[in-house]
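>
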Amino acid sequence: MDLLIDSFLSAILLIVSLDREMLSVVGVSLTVSTSSTLIAGMIGIPVGIGIAFKSFAGKRLVITVLNTLLALPTVVIGLMVYAFISRRGVLGMLDLLYTQKAMVIGQVILIVPVVATLTIAAVSRIDDRYRKTAMTLGANARQTALVIVREARFGIMAAVIAAFGRVIAEVGISMMLGGNARGFTRTMTTAMALEYDKGQFTLAVALGIILMSLSFGMNLLFHFFQGRARS
Amino acid sequence: MLYTISGLKQMYGDWTVLDIPRLSIDEGDIYALLGPNGAGKTTLLNILGFLSRPSIGTIRFRSRDVHFSEPALQAFRREVVMVDQTPILFTSTVYRNVEFGLKVRRIPAAERQRMIADALDLVGMNRFAHAMGHHLSGGETQRVALARALVVEPRVLLCDEPTASVDAEHQATVMAILKRINREKRISIIFTTHDRLQAVSLGKQMIYLNQGRLASNGLENVFPATLTPVSRGQLECTVQGAIRLTLPATASHRDEKRGRILIDPARLSLKERAHPKPAANRFSGRVVQLSEEKGHIRMVVDVGIGLHLLLKPATYRKNPPLVGDRVDVSIPPDAVRFI
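Chain order of the listed sequences is A and B.
Numbers given in the working numbering equal positions in the first sequence, counted from 1, plus 517.
Numbers given in the working numbering equal positions in the second sequence, counted from 1, plus 558.
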């Protein structure tokens, strides 16, 4: 019990003192997670909108595959990407392994299905009268799609936030593709795992508090946007 | 001619929801599209608004053939605007809602502002310009939807049951707006309703639809009925379980048959009140509604079912009953048609 209380108090002090190593780890985490969320948003949102709008053969199958990909373990993605970017892989010459770029690639694969499926759900929930109204008022197909996306904007924002929440807390991809190199690819989750291995809990607890606070903030935002989407 | 429709059919699988061999609609008039629920009114309105493609058939709009391909339809849609039965406003202000149609037409901002002010003024919603659309009541939403449709100055305004979602006070307002825009702006209006009185008071022309087909009259006096052979040459027709008619049998009526009958309102007549017991096919009831309709007197008599009578004014004036009076109505067998 004493260990927990001591670690917690030391962690608070570490956070308040804005420890450089801690800030570096948080910075890497935020940089990698924000980059992968932005890229996944640029891919997943149009894919989700396209699937929601278009009627095509195999649409249900595509949605089922995307839903299945939601449960893809991070270590499986790590392994797959590793096979491509390792020295002996087809993309080995790009020298991506153990870089932030490799982590971003893995995380994008992880969360594109999250963004796409939640976008499909958000767009599909929009009342069909919006489409009909836009069309009868003279909008072309692109303008009509924009109206629907605008009405679904809170749902789409919620999709992006859910995706960010997923990547900021993942360990497998960061560890396997980033290598946990101090100051370069060490994220909050990989640093926590390392500190635990070393038996030093202060930094791990401090990062845990920051991660939990971030997750809480993300969840608050997610529920805010979901609430707006439903109203 | 505004619309010329030939051989139009709308089918969902094997189910034909609309079948109109020929229909012409004049420019500048107000048309009431009358019919019971499921008659195909909204389906026809969607096709007239170029929002859905018919399964078969051709449409000419202002002497131009309509090709139901997306880029071609957009040009037609810019001349025809439809207002839904329960319109939905974009999640934005009233001003932005009304502005939408102008923006997609690339009308300059200064002109947009003037046109929006005029449109909102027309429907009496100017003071709500900066209110959020989803905070408005049903009647206010309907008026904003009208302003949003009218601001783009369409040739045709299609209204699906324009007063269905508004209270009595706002119904009168909406009707007055429609009359005014037709009179002042010469906008052709086609609206659906199953309210005969509304159709008569607003519409200059009537189109009757029943089960997806054009019908020759307003389809009032259509009731579920059971035909039962009672003797050789005679049938008993039980109408809504409330009244029984005696009708001559035909070869096709050998067994009990359920379906719907149509009683022609123009062939019904008022009779002197019979004492003590009315004769066959005569029913006693109370006058519940009286109105004038295009040179005739429409009377609704509650005889257990609400029977509509369409009387010539001279016939009515001989012995004019008032609302609430008891009268006897005679239904001649040839006024009844099994449909």
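Cβ atoms here follow ideal geometry from the backbone N, Cα and C, with glycine treated the same way.
All of these numbers come straight from a predicted model, not from anything done at the bench.
1. What does I646 of chain B reach in chain A if we use C-beta pairs closer than 8 Å?
2. If you measure from the beta carbon of F626 of chain B to each beta carbon in chain A, is any gap under 7 Å?
3. Kindly say whether V653 of chain A, judged by its beta-carbon, lies nearer than 7 Å to any beta-carbon of chain B.
4. Check whether the region 614-627 of chain A touches the region 674-693 of chain A, taking contact to mean three or more Cβ pairs, one atom from each stretch, closer than 8 Å.
5. What does M640 of chain B touch in chain A if you count any residue whose Cβ is under 8 Å from its own?
6. To the nearest angstrom, report how far apart T634 of chain A and V677 of chain A are at their CA atoms.
7. Would you tell me roughly how many angstroms separate the C-alpha atoms of D676 of chain B and Q700 of chain B, rounded to the nearest one?
8. Cβ atoms of T574 of chain B and I618 of chain B: under 7 Å apart, would you say?
9. Within the same chain, show all residues whose beta-carbon is closer than 7 Å to that of G700 of chain A, passing over the 5 residues directly before and after it, in chain order.
10. Is the number of C-beta pairs between the region 570-581 of chain A and the region 601-612 of chain A that are closer than 8 Å three or more?
11. List the DSSP bridge partners of V664 of chain A.
12. Rank A:L596, A:A662, A:G609 and A:M729 by C-alpha distance to the C-alpha of S641 of chain A and give the top, closest one.
13. Could you name the residues of the same chain whose beta carbon sits closer than 6 Å to that of P879 of chain B, not counting the 5 residues immediately before and after it, in chain order?
14. Hey, does A676 of chain A have any beta-carbon neighbour from chain B nearer than 7 Å?
15. What first and last residue would you give for the alpha helix (DSSP H) that runs through K571 of chain A?
16. Taking any Cβ of chain A, which residues in the region 590-622 of chain B have a Cβ under 7 Å from it, in chain order?
17. In chain B, which residues lie with their C-beta within 7 Å of the C-beta of A656 of chain A?
18. To which residues of the same chain is I690 of chain A closer than 7 Å at the C-beta, ignoring the five residues directly before and after it?
19. Quick one: residues in its chain with C-beta nearer than 8 Å to the C-beta of I614 of chain B, no 5 flanking neighbours on either side, listed in chain order?
20. So, with DSSP's three-state summary, where would you put G565 of chain B?
21. Output the distance between the C-alpha atoms of S527 of chain B and I765 of chain B, rounded to the nearest integer angstrom.
22. Compare the C-beta of Q743 of chain A against all C-beta atoms of chain B and say whether one is closer than 7 Å.
23. Rounding to the nearest angstrom, what Cα-Cα distance links I901 of chain B and L737 of chain A in this structure?
24. Compare the beta carbon distance of A639 of chain A and G672 of chain A with 7 Å and say whether it is the shorter of the two.
25. Here's a check: name, in chain order, each residue in its chain whose Cβ is nearer than 6 Å to the Cβ of H854 of chain B, leaving out the five neighbours to either side.
26. Please give me, in chain order, every unbroken run of the alpha helix (DSSP H) with length at least 4 that falls completely inside the region 736-767 of chain B.
27. My output table needs one value for I646 of chain B: the three-state DSSP class, helix, strand or coil.
28. With which residues is G843 of chain B paired in a DSSP beta bridge?
29. Using a Cβ-Cβ cut-off of 7 Å, state whether T562 of chain B counts as contacting chain A.
30. Check the DSSP bridge columns for G817 of chain B and list the partner residues they point to.
31. Counting only beta-carbon atoms, is E712 of chain A nearer than 7 Å to chain B?
32. Could you say which of A:S546, A:F739, A:T719 and A:I566 lies nearest to M674 of chain A if we only look at CA atoms?
33. Taking the C-alpha atoms as reference points, what is the distance between A590 of chain B and I748 of chain B?
34. Mapping the DSSP letters down to three states, classify P890 of chain B as helix, strand or coil.
35. Since P806 of chain B contacts P891 of chain B with CB under 8 Å, what's their CB separation in whole angstroms?
36. Mind pulling the alpha helix (DSSP H) runs of 4 or more residues that sit fully within the region 563-633 of chain A?
Let's see:
1. D644, R646, Y647 and T650
2. no
3. In the sequence as presented, Val is not what sits at residue 653 of chain A; that position holds Thr. Yes, its Cβ sits closer than 7 Å to a Cβ of chain B.
4. yes
5. K649 and T653
6. 11 Å
7. 17 Å
8. The sequence shown places Arg at residue 618 of chain B, rather than the Ile named in the question. The answer is no: Cβ separation not under 7 Å.
9. S541
10. no
11. Note: V664 of chain A sits in no beta bridge, so no partner.
12. A:A662
13. V845 and V885
14. no
15. Where K571 of chain A is concerned, there is no enclosing alpha helix (DSSP H), given that its DSSP letter is neither H nor E.
16. G607 and L609
17. V662
18. T591, I594, G595, M620, G623, Q624 and L627
19. G565, L566, K567 and M569
20. strand
21. What is shown of chain B runs 559 to 897, which leaves residue 527 of chain B out entirely.
22. no
23. The question about residue 901 of chain B has no answer here: the residues shown for chain B are numbered 559 through 897.
24. yes
25. L868
26. 754-760
27. coil
28. B:V885
29. no
30. B:A783
31. no
32. A:F739
33. 6 Å
34. coil
35. 6 Å
36. 576-586 and 591-602
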